[in-house]
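So the protein lines, in turn, are chains A and B. When the count follows the numbering used here, it moves up by one through the first sequence with no breaks and lands on 299 for the last residue. When the count follows the numbering used here, it moves up by one through the second sequence with no breaks and lands on 472 for the last residue.
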Amino acid sequence: MLKINAMRWRHFYLDRLVQVFVYLAVLTICAVFLWILIDLLRGGFAHLSWNFLIESPRDAGRAGGIGSILVSTILILLVALGAALPLAWTTAALLAEYVSTTSKFGIVVRYSLQVLAGVPSIVFGLFGNAFFSIYLGLGFSILSGGLTLACMVLPILVSTAEAGLRAVPDSYRLSAAALGMTRAATLIHLLLPIAAPTLAAGLLLGIGRAVAETAALLFTSGYVDRMPGSLLDSGRALALHIFDLSMNVPGGDAPAYASALVLVAMLLCINIFAMKLVQNWQRRRTILE
Amino acid sequence: MNSNKPVTAQVISGEKSGFTLGPLQMGPVCCNPQPVIEVENLSLRYGDKTALDKVTLDIYRGCITALIGPSGCGKTSFLSAINRLTDLIPNCVIGGRIRVDGLDIHTAESNVQALRQKVGMVFQKPTPFPLSIRRNLSLPLREHGVTRRSEIDAISEQVLRDVGLWDEVCDRLDTVALSLSGGQQQRLCIARALALNPQILLMDEPCSALDPIASGVVEDLISHLRGRYTIVIVTHNLAQARRIANYAAFFWVKERAGHLVEFGRCQHIFESPTHQLTAAYISGARG
Ligand SMILES: Nc1ncnc2c1ncn2[C@@H]1O[C@H](COP(=O)(O)OP(=O)(O)O)[C@@H](O)[C@H]1O
Ligand SMILES: [Mg+2]
């Protein structure tokens, strides 16, 4: 009797303890996020204006805005995704649907991607500089930067997409095959729409990593802050701009904060937009013809 | 594909069921059995595990053939071999010969997509795609070259009527098929298979995941399909096999491999089985 009572008390305290820890963890995470946001808002909100968004930077970024830098950032991102997405999603489809889990080829590809995922971004920068800028002769350009980022986000895109496709139950593949559907049609009309949310999540992770990248771009897309005339021009990415303002430019704190605020807002917008896009696409593929 | 145009369907049903069937319902019955699937010495292995050992069996046109036997005796494997679904299982090796309509299904020139159009399959667990009801039917049709919207709609309506689902879903064809009840989902799967205008339907325990009422509805539907389609059905429900089947095949595991013990008219198997194992299984003594 006594023993049971003691046990009950133990359970009671354990329960409470776990609860307290869970709440603490949640609170900490929220607090960190809020702290960053408030800090950014306090430091940068006053500096934000429409002109800040469209003007090119002057006086090393102390004056003027970030118009040219936003354009460069978006171009670099588009190049990176344009190169990485088709490659990554076909690779994922190959790995998940056409290659058995135990095949040599699959193991080699997966292992390479894992190694690639662990490589620090500065190494990607050096590689991009040596390969795209010098060997392929692209110089310091948005193209070099974008392609370097493409290599960098490839592992994330492939592994999330592969996981998404593998999570689709085999019963769908069997039923589709039993209805005489080819593997390609099953993949396009059935598996991809079902896996779309996971693909989108991977895409967002990739975008996040690409937009936040500084080191890999230093040696590839360069830090010229003029408005780029073409993809072969150098262009400074937003993250690099923030780094430069806060480290190298005395008196650049306010524009640095404002730029960081824009970067966060941009990520938020991309997230929301991508989610909506996927929802729409999925509905179109699943409900309508 | 064209013979599936909506014919003025005659209503067979009494109060109990609402299935409508085309005129072929009155088609050939089983007094003059013609083999449509001929299985000779079929052996089937998964890696080094033998699932079926030298099964020889004819399935007759227009009849319902029930496969009975304990779990693990290779009934599902037998069905999957007929429409070559076993191709999808990496380590599955098949020996022997299967002919459908006189053509060997494993020769180089036999087209697996065409085979699966001719031989439809319904699984134990209802497997509608997580798409709309309409798209569940149109997707496979498009795959088989039916692309005109009006034709797709006509076929969809016809098969949904055939399985008695039309009245239940006609005003919500664009909702997700997963919102249907289990029995409705299974009937949708049957409709989906029928939409391709198959000759043969393989059914792997189509009622065992359903509640008794839904199971009854599906069972009625299956017996209504007799004559129009050749049906091979796996069932653990012996009473059901007895009610709907014309022929029965009894499988049993011997030396860790599935064997066909006895095949014959349903009445014969259930009332005067030749084999002792069959008699014991039927009377519930074993398995
Ligand atoms: N994909 C598979 N891989 C390996 N063994 C399998 C596979 N599918 C079935 N088996 C084995 O083959 C035997 C027959 O299985 P199955 O055809 O599903 O029997 P039933 O449908 O009569 O229950 C069982 O022993 C089962 O374990
Ligand atoms: Mg089975």
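Don't be surprised by glycine CBs; every beta carbon is placed ideally from N, CA and C.
Are any of the Cβ atoms in chain A nearer than 8 Å to that of phenylalanine 263/B?
-> Numbered from 1 along the second sequence, position 78 holds the residue referred to as residue 263/B. Taking Cβ atoms only, chain A never reaches closer than 8 Å to phenylalanine 263/B, which makes this a no.
Would you mind reading off the limits of the alpha helix (DSSP H) that contains phenylalanine 115/A?
-> Position 105 of the first sequence, counted from the first residue, corresponds to residue 115/A. Per DSSP, phenylalanine 115/A belongs to the alpha helix (DSSP H) from 114–128.
From the DSSP output, in three-state form, read off histidine 409/B for me.
-> By one-based count along the second sequence, residue 409/B stands at place 224. Three-state result, histidine 409/B: helix.
Could you tell me which of Phe134/A, Leu105/A, Pro207/A, Ile84/A sits nearest to methionine 276/A, measuring between CA atoms?
-> Start at 1 with the first residue of the first sequence, and residue 276/A comes out as number 266. Comparing Cα-Cα distances from methionine 276/A to each of Phe134/A, Leu105/A, Pro207/A, Ile84/A, the minimum goes to Ile84/A.
Find the nearest neighbour of glycine 449/B within the set Arg441/B, Gly443/B, Tyr432/B, judged by alpha-carbon distance.
-> As a first step, residue 449/B is located in the second sequence; it is residue number 264 there, counting from the start. In terms of Cα proximity to glycine 449/B, the closest of Arg441/B, Gly443/B, Tyr432/B is Tyr432/B.
When Gln309/B, Asp338/B, Arg441/B, Gly281/B are compared against aspartate 233/B, the one with the closest alpha-carbon | For the purposes of this step, residue 233/B is taken as residue 48 along the second sequence, with counting starting at 1. When each option's Cα is compared against that of aspartate 233/B, the closest is Arg441/B.
Closer than 7 Å: residues whose CB approaches a heavy atom of ligand 2 = Taken from the N-terminal end onward, the list reads Ser256/B, Lys260/B, Thr261/B, Gln309/B, Asp389/B, Glu390/B, Val419/B.
Quick one: is alanine 219/B near chain A, going by C-beta distance under 8 Å?
-> Mapped onto the second sequence, residue 219/B falls at position 34. A small correction: the amino acid at residue 219/B is glutamine; alanine does not occupy that position in the sequence shown. Not one chain A Cβ lies under 8 Å of glutamine 219/B.
Rounded to whole angstroms, what's the CA-CA distance from leucine 227/B to glutamate 447/B? Just pull it up for me.
-> Here the question's residue 227/B lines up with position 42 in the second sequence. Here the question's residue 447/B lines up with position 262 in the second sequence. Cα to Cα, leucine 227/B sits roughly 15 Å from glutamate 447/B.
Does any CB atom of chain B fall closer than 8 Å to the CB of methionine 191/A?
-> Position 181 of the first sequence, counted from the start, is the residue given in the question as residue 191/A. It does: the Cβ of methionine 191/A has a partner Cβ on chain B nearer than 8 Å.
May I ask you to check if the CB of alanine 236/B is nearer than 7 Å to at least one heavy atom of ligand 1?
-> In the second sequence, residue 236/B corresponds to position 51, counting from 1. For ligand 1, at least one heavy atom lies less than 7 Å from the Cβ of alanine 236/B.
Helix, strand or coil for alanine 177/A, going by three-state DSSP, please let me know.
-> Position 167 of the first sequence, counted from the start, is the residue given in the question as residue 177/A. The answer is coil: DSSP assigns alanine 177/A none of H, G, I, E or B.
Would you check whether ligand 1 has a heavy atom nearer than 7 Å to the C-beta of cysteine 258/B?
-> In the second sequence, the residue the question calls residue 258/B occupies position 73. Checking every heavy atom of ligand 1 against the Cβ of cysteine 258/B, one is found closer than 7 Å.
Quick one: residues in its chain with C-beta nearer than 7 Å to the C-beta of proline 458/B, no 5 flanking neighbours on either side, listed in chain order?
-> What you label residue 458/B is simply residue 273 of the second sequence in a count that begins at 1. Closer than 7 Å at the Cβ level, and outside the excluded window around proline 458/B, lie Glu447, Ala464, Ile467.
Would you report the Cα separation of valine 234/A and leucine 153/A, rounded to the nearest angstrom?
-> Residue mapping note: residue 234/A aligns to position 224 of the first sequence, counting from 1. Residue mapping note: residue 153/A aligns to position 143 of the first sequence, counting from 1. For valine 234/A and leucine 153/A, the distance between alpha carbons rounds to 14 Å.
Three CB pairs or more closer than 8 Å across the segment 161–175 of chain A and the segment 293–306 of chain B = These segments do not touch.
If you count every other CB in all the chains shown that lies within 10 Å of the CB of asparagine 321/B, and 16 or more means buried, which is it?
-> As a position in the second sequence, residue 321/B is number 136, starting the count at 1. Counting Cβ neighbours within 10 Å, asparagine 321/B comes out buried, since at least 16 surround it.
Give me the Cβ distance between serine 151/A and serine 244/A, rounded to the nearest whole Å; I'm assuming they're in contact under 8 Å.
-> As a working note, residue 151/A is residue 141 in the first sequence. As a working note, residue 244/A is residue 234 in the first sequence. Sure, about 6 Å apart at Cβ, within 8 Å.
So which residues on chain B does leucine 184/A lean against when the C-beta distance must stay under 9 Å?
-> The count along the first sequence starts at 1 and reaches residue 184/A at position 174. Chain B residues near leucine 184/A: Ser265, Leu270, Leu273, Met306, Phe308, Thr312.
Backbone CA spacing between tryptophan 99/A and alanine 93/A [nearest angstrom] | By 1-based counting over the first sequence, the position of residue 99/A is 89. By 1-based counting over the first sequence, the position of residue 93/A is 83. Each residue's Cα considered, the two are about 11 Å apart.
Would the segment 222–232 of chain A and the segment 246–253 of chain A be scored as touching if the rule is three or more Cβ pairs under 8 Å?
-> Yes, the segment 222–232 of chain A touches the segment 246–253 of chain A.
Name, going along the chain, the residues of the segment 349–365 of chain B whose beta-carbon falls closer than 9 Å to a beta-carbon of chain A.
-> Those would be Asp359, Thr360, Val361, in chain order.
Given a threshold of 16 other Cβ atoms within 10 Å of its Cβ, counted over all protein chains shown, does glycine 75/A qualify as buried or as exposed?
-> Taking the first sequence and counting its residues from 1, the one referred to as residue 75/A is at position 65. Taking a 10 Å sphere around the C-beta of glycine 75/A, we find 16 or more other C-beta atoms and assign the residue as buried.
Quick one: is isoleucine 117/A near chain B, going by C-beta distance under 8 Å?
-> For the purposes of this step, residue 117/A is taken as the residue at position 107 of the first sequence. Cβ-Cβ to chain B under 8 Å: no for isoleucine 117/A.
Would methionine 211/B be called buried (16 or more neighbouring beta carbons within 10 Å of its own) or exposed?
-> Taking the second sequence and counting its residues from 1, the one referred to as residue 211/B is at position 26. Below a pLDDT of 50, predicted positions are generally treated as unreliable, and methionine 211/B, at 41, falls in that range; no measurement from the model is reported.
Could you name the residues of the segment 188–221 of chain A whose beta carbon sits closer than 7 Å to any beta carbon of chain B, in the order they occur along the chain?
-> Among the residues of the segment 188–221 of chain A, those with a Cβ less than 7 Å away from any Cβ of chain B are Ala188, Leu189, Gly190, Met191, Thr192, Ala195, His199, Leu200, Ile204, in the order of the chain.
List, in order along the chain, the chain A residues whose C-beta lies closer than 8 Å to that of leucine 252/B?
-> One-based indexing of the second sequence puts residue 252/B at position 67. Going along chain A, no residue has its Cβ under 8 Å from leucine 252/B, so there is no contact; the nearest lies around 17 Å.
Of the residues Leu213/A, Tyr182/A, Cys161/A, Ala268/A, which one's Cα is nearest the Cα of isoleucine 198/A?
-> Position 188 of the first sequence, counted from the start, is the residue given in the question as residue 198/A. Of Leu213/A, Tyr182/A, Cys161/A, Ala268/A, the residue nearest in Cα terms is Tyr182/A.
Cβ of isoleucine 274/B within 7 Å of any heavy atom in ligand 1?
-> The count along the second sequence starts at 1 and reaches residue 274/B at position 89. For isoleucine 274/B, the CB falls within less than 7 Å of some heavy atom of ligand 1.
Three-pair Cβ contact test at 8 Å for the segment 236–249 of chain B versus the segment 411–421 of chain B | Output reads yes: the segment 411–421 of chain B touches the segment 236–249 of chain B.
Report the partner residues of isoleucine 249/B according to the DSSP bridge assignment.
-> For the purposes of this step, residue 249/B is taken as the residue at position 64 of the second sequence. Per the DSSP secondary-structure output, isoleucine 249/B pairs in a beta bridge with Ile416/B.
Residue of Leu324/B, Pro275/B, His329/B, Leu229/B minimising C-alpha distance to isoleucine 283/B | Along the second sequence, one-based indexing puts residue 283/B at 98. The alpha carbon of isoleucine 283/B has as its nearest neighbour, out of Leu324/B, Pro275/B, His329/B, Leu229/B, the alpha carbon of Leu229/B.
Say whether the segment 254–264 of chain B touches the segment 287–297 of chain B, bearing in mind that this needs 3 or more beta-carbon pairs closer than 8 Å, one atom from each stretch.
-> With a cut-off of 8 Å, the segment 287–297 of chain B and the segment 254–264 of chain B do not count as touching, because too few Cβ pairs lie within range.
Does ligand 3 have a heavy atom nearer than 7 Å to the CB of tyrosine 231/B?
-> With respect to ligand 3, the structure shown offers nothing to examine, as its ligands consist of ligand 1 and ligand 2.
Per DSSP, cross-strand counterpart(s) of glycine 280/B | Taking the second sequence and counting its residues from 1, the one referred to as residue 280/B is at position 95. The partner list for glycine 280/B (beta bridge, DSSP) reads Ser228/B.
How about isoleucine 385/B and valine 307/B: are their beta carbons less than 8 Å apart?
-> Within the second sequence, residue 385/B is the residue found at index 200, counting from 1. Within the second sequence, residue 307/B is the residue found at index 122, counting from 1. 8 Å or more divides the Cβ of isoleucine 385/B from the Cβ of valine 307/B.
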